[in-house]
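Residue numbers (the numbering used here): 161 to 208. Below: one structure, written as structure tokens.
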């Protein structure tokens with residue numbers, strides 16, 4: 161059995177996140193660009 165929050169509580173949490181992020185100092189685009197510039201970690205071929 162899986163129990164989660166109500167739809168009302170979920171929607172309220174999403175509204176709160178949107179409100180708190182509205183004046184963010186960094187845009188999603190800037191973070192995305194930064195993440196794309198990070199080197200890709202090496203993988204161990206034996207684990208694949």
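Even glycine gets a Cβ: it sits at the ideal position worked out from N, Cα and C. Just so you know, these numbers come straight off a predicted model, no measurement behind them.
Asked: Going by beta carbon distance, what residues of the same chain come within less than 7 Å of residue 188, once the five residues before and after it are set aside?; Found: none
Asked: If you draw a straight line from the C-alpha of residue 203 to the C-alpha of residue 168, how long is it?; Found: 43 Å
Asked: In three-state terms, what does DSSP make of residue 175?; Found: helix
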